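Asker: With my numbering applied, the sequence shown covers 3 to 338.
Glycine included, each C-beta is placed from N, C-alpha and C at the ideal position.
Here the structure is a predicted model, which means the values were calculated and not measured.
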Amino acid sequence: MAATDFRRIGVIGGGAWGTALALAALRAGREALLWAREPAVVESVNAARENRDFLPGVTLPAALRATGDLAEVAACDAILLVTPAQHLRSACAGLAAHLRTGTPLVVCAKGIELDSHALMSEAAAAALPAGTPLAVLSGPTFAAEVARGLPTAVTLACADAALGARLVEALGSRTFRPYLSDDVVGSQIGGAVKNVLAIACGVVEGRKLGDNARAALITRGLAEITRLALALGGRPETLMGLSGLGDLTLTCSSLQSRNMSLGAALGAGRTLAEVLAERRSVAEGVYTAAAVVGLAGKKGVDMPLCAAVDAILNRGAGLDATIDGLLSRPFREEGR
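This is the structure we're talking about:
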């Protein structure tokens with residue numbers, strides 16, 4: 003199938019990121035069909051030309067249509083999977099009965115499955131028909147900026163280089179620029195773990211610990227990401243690219259990030275329950291923290307920053323005691 007055959011792009015997930023990717027597909031000259039679980043989102047997109055719940059203030063063109071019918075999306079030429087990470091497997095299971103043989107799916111969710119510790123591509127593959135072509139899209143992206151057509155570069159990782167190149171051509175445009183990789187594992191680890199580290203950077207912001215501390219956390223966090231990726235078969239150069247250093251830098255440097263803003267609220271003294279009660283959108287790092295720590299434990303990988311976030315979110319650890327514990331760790335060589 004040539005790139006010109008990928009005329010119709012289906013998007014599973016009607017949140018901010020799914021809506022933004024549907025707009026990116028339109029700018030690349032494709033048709034785009036957006037699937038949303040919530041009937042109110044489908045109605046808002048089709049009638050009001052706005053995703054009022056998840057991407058308010060962005061006018062949607064008439065060419066973007068929404069549906070609640072998975073079978074209709076399954077008839078598209080390529081499908082982007084943009085559900086919350088912990089719901090990806092169930093979304094793929096629902097899609098599987100309708101999917102045509104050979105239709106490529108692009109995993110756009112960033113996370114690690116909590117119960118199984120599976121990467122998103124692994125969770126998708128387990129729920130889809132055997133041999134379904136898969137790729138991964140990751141990188142430094144705020145949905146609102148992609149939706150507005152601001153310049154963005156991403157990683158598109160695919161084990162099949164020919165398919166990856168066709169997907170790059172199908173989705174790429176002047177302002178949405180995919181860079182091709184074959185490191186599916188490394189690209190996913192960077193995108194998942196950065197959400198956990200962004201919560202930590204938010205705590206630094208909320209506790210007013212300074213820019214030096216945030217820079218140190220980003221750098222040592224990148225070391226943790228790289229150790230885990232290597233243990234799973236990823237390559238170190240991937241983590242120096244868009245899906246590693248690029249995504250980590252963006253998410254840990256701006257309160258536009260849902261994860262960093264959540265951490266900032268915690269650092270300022272609010273409780274996790276209070277912050278989550280105010281939000282409709284998902285801060286993936288809340289769920290990924292425990293999954294990362296579990297996966298790292300299986301692989302014997304030391305990830306003290308991620309473990310500290312997990313302790314704060316899920317194990318009742320106090321902020322000040324956790325920060326003191328990190329600052330009291332023994333000195334070590336930087337390359338370790």
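If you draw a straight line from the alpha carbon of G70 to that of A99, how long is it in whole angstroms?
Answerer: Mapped onto the sequence shown, residue 70 falls at position 68. Mapped onto the sequence shown, residue 99 falls at position 97. Rounded to the nearest angstrom, the two C-alpha atoms are 15 Å apart.
Asker: When the distance is taken between beta carbons, is V47 closer than 8 Å to L25?
Answerer: The residue given as residue 25 occupies position 23 in the sequence shown. The residue given as residue 47 occupies position 45 in the sequence shown. Their beta carbons are not under 8 Å apart, which means L25 does not touch V47 by this criterion.
Asker: Starting from R91, trace the alpha helix (DSSP H) both ways and give me its first and last residue.
Answerer: Counting from 1 along the sequence shown, the entry for residue 91 is found at position 89. R91 -> alpha helix (DSSP H) spans L90 to A98.
Asker: Return yes when the Cβ of R209 is within less than 8 Å of the Cβ of L321, no when it is not.
Answerer: Locating residue 321 in the sequence shown gives position 319, counting from the first residue. Locating residue 209 in the sequence shown gives position 207, counting from the first residue. Yes, these two residues count as a Cβ contact at 8 Å.
Asker: Out of P131, I191, S118 and P153, point me to the one whose CA is closest to A159's CA.
Answerer: Counted from its first residue, the sequence shown places residue 159 at position 157. Closest by alpha carbon: I191.
Asker: Within 10 angstroms of the Cβ of S123, are there 16 or more other Cβ atoms? Answer buried if so, exposed if not.
Answerer: As a first step, residue 123 is located in the sequence shown; it is residue number 121 there, counting from the start. Flag for S123 reads buried.
Asker: For V170, name the three-state secondary structure that DSSP assigns.
Answerer: On the sequence shown, position 168 is the one that residue 170 refers to. DSSP places V170 within a helical segment (H, G or I) once states are collapsed to three.
Asker: Is there contact between the segment 6-22 and the segment 140-160, where contact requires at least three CB pairs shorter than 8 Å?
Answerer: yes
Asker: For N197, which residues from the same chain have a beta carbon less than 6 Å from its beta carbon, with the 5 sequence-adjacent residues on both sides left out?
Answerer: Translated into positions along the sequence shown, residue 197 becomes position 195. Taking N197 as the centre and dropping the five residues before and after it, the same chain places the C-beta of N261, E286, G287 and T290 closer than 6 Å to its C-beta, in chain order.
Asker: Spatial neighbours of R32 within its chain, please: CB distance less than 8 Å, with the 5 preceding and 5 following residues excluded, ordered by chain position.
Answerer: Counting from 1 along the sequence shown, the entry for residue 32 is found at position 30. Cβ neighbours of R32 beyond the five flanking positions: F8, R9, R10, I11, A172 and L173.
Asker: Does G271 pass the burial test, meaning 16 or more other C-beta atoms within 10 Å, or should it be called exposed?
Answerer: To locate residue 271, count along the sequence shown from 1; it is residue 269. Under this definition G271 is an exposed residue.
Asker: Measure the CB-CB distance between R102 and A129 and report whether it falls below 8 Å.
Answerer: Translated into the one-based positions of the sequence shown, residue 102 becomes position 100. Translated into the one-based positions of the sequence shown, residue 129 becomes position 127. No. Outside cutoff.
Asker: My guess is that I14 and L83 are in contact by the Cβ rule of under 8 Å, so how many angstroms apart are they, rounded?
Answerer: As a working note, residue 14 is residue 12 in the sequence shown. As a working note, residue 83 is residue 81 in the sequence shown. The Cβ separation is near 5 Å, so the contact holds.
Asker: Does DSSP put L116 in a helix, in a strand, or in coil?
Answerer: Within the sequence shown, numbered from 1, the residue matching residue 116 stands at position 114. In this structure, L116 counts as coil in the three-state DSSP scheme.
Asker: Name the one or two DSSP bridge partners that G59 has.
Answerer: Locating residue 59 in the sequence shown gives position 57, where the first residue counts as 1. Beta-bridge pairing links G59 to no other residue.
Asker: Tell me whether G15 sits in a helix, a strand or coil according to DSSP, three-state version.
Answerer: As a working mapping, residue 15 is identified with position 13 in the sequence shown. In the structure shown, G15 sits in coil (DSSP, three-state: anything other than H, G, I, E or B).
Asker: Among P135, L165 and S175, which residue has its Cα nearest to the Cα of G151?
Answerer: Counted from its first residue, the sequence shown places residue 151 at position 149. G151 has its Cα closest to that of S175, out of P135, L165 and S175.
Asker: Note down the Cα distance separating L244 from V187, rounded to an integer number of angstroms.
Answerer: For the purposes of this step, residue 244 is taken as the residue at position 242 of the sequence shown. For the purposes of this step, residue 187 is taken as the residue at position 185 of the sequence shown. L244 and V187 have their C-alpha atoms roughly 14 Å apart.
Asker: Compute the Euclidean distance between the alpha carbons of E40 and R282, then round it to the nearest angstrom.
Answerer: Position 38 of the sequence shown, counting from 1, holds the residue named residue 40. Position 280 of the sequence shown, counting from 1, holds the residue named residue 282. Taking the straight line joining both Cα atoms gives about 12 Å.
Asker: Count the other CB atoms within 10 Å of the CB of F178; is the residue buried (16 or more) or exposed (fewer)?
Answerer: The sequence position of residue 178 within the sequence shown is 176, counting from 1. Burial call: buried.
Asker: Quick check: the Cα distance between L219 and L234, rounded to an integer number of angstroms?
Answerer: Looking up residue 219 in the sequence shown gives position 217. Looking up residue 234 in the sequence shown gives position 232. The alpha-carbon atoms of L219 and L234 are separated by roughly 23 Å.
Asker: Is the distance from the Cβ of L230 to the Cβ of K301 below 8 Å?
Answerer: Against the sequence shown, residue 230 aligns to sequence position 228. Against the sequence shown, residue 301 aligns to sequence position 299. Against a cut-off of 8 Å, the Cβ pair of K301 and L230 comes out as a contact.
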